[in-house]
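Under the numbering used here, think of the first position of the sequence shown as 229, with each following residue one higher.
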Amino acid sequence: RHEWFEELGDAFKVLMRASKSDTPDMAAVKEATALAQAKSNDLPGLFAPGTGPDAGKTEAKANIWETPDDFMAKAKDFQLAAAALNAAAQADDVEGFKAAFGKTGGTCKACHETYREED
């Protein structure tokens, strides 16, 4: 799970830089958004029963497994946002990508605020 989030984080670093650029490298954006969308589909399975804090070191809070319906709803929000982000990027819609990036980041934040331990 840690490696999965590291890879997604690397893609989001590319997207963050691109979102602040007047002339983003859309080839890099397309690659990163495709990765984000593909990875979004893996998210629910990364938090299977028995993989919580009792199973070892994790930044995931126990409430993921205590409120699975809410967690899965937040995961679905990320999946939908990542799909829209990728669609905008693949269409070379720079402004659409930038808007979708903000919405996608919001889905990350919503989940992290509730379900991630801060270092």
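The C-beta atom is built at its ideal place from N, Cα and C for all residues, glycine as well.
Apply the 10 Å Cβ neighbour rule to residue i and answer buried if 16 or more other Cβ atoms are within range, or exposed otherwise.
{"i": "residue 291", "result": "exposed"}
Could you check how far apart the C-beta atoms of residue i and residue j are, in whole angstroms? I think they sit under 8 Å.
{"i": "residue 313", "j": "residue 286", "result": "No, residue 313 and residue 286 are not in contact; Cβ-Cβ is about 26 Å, not under 8 Å."}
{"i": "residue 329", "j": "residue 263", "result": "In fact, because the Cβ distance is near 14 Å, the residues do not count as touching under 8 Å."}
{"i": "residue 256", "j": "residue 246", "result": "7 Å"}
{"i": "residue 284", "j": "residue 293", "result": "At roughly 14 Å, the Cβ-Cβ gap does not stay under 8 Å, so residue 284 and residue 293 are not in contact."}
Roughly how many whole angstroms lie between the Cα atoms of residue i and residue j?
{"i": "residue 323", "j": "residue 302", "result": "25 Å"}
{"i": "residue 240", "j": "residue 310", "result": "11 Å"}
{"i": "residue 339", "j": "residue 325", "result": "21 Å"}
{"i": "residue 321", "j": "residue 334", "result": "20 Å"}
{"i": "residue 282", "j": "residue 260", "result": "33 Å"}
{"i": "residue 276", "j": "residue 299", "result": "12 Å"}
{"i": "residue 235", "j": "residue 295", "result": "26 Å"}
{"i": "residue 233", "j": "residue 274", "result": "10 Å"}
{"i": "residue 251", "j": "residue 272", "result": "34 Å"}
{"i": "residue 308", "j": "residue 268", "result": "9 Å"}
{"i": "residue 327", "j": "residue 346", "result": "27 Å"}
{"i": "residue 316", "j": "residue 238", "result": "20 Å"}
From the DSSP output, which residues share a beta bridge with residue i?
{"i": "residue 344", "result": "288"}
Is the beta carbon of residue j closer than 8 Å to that of residue i?
{"i": "residue 304", "j": "residue 344", "result": "no"}
{"i": "residue 248", "j": "residue 318", "result": "no"}
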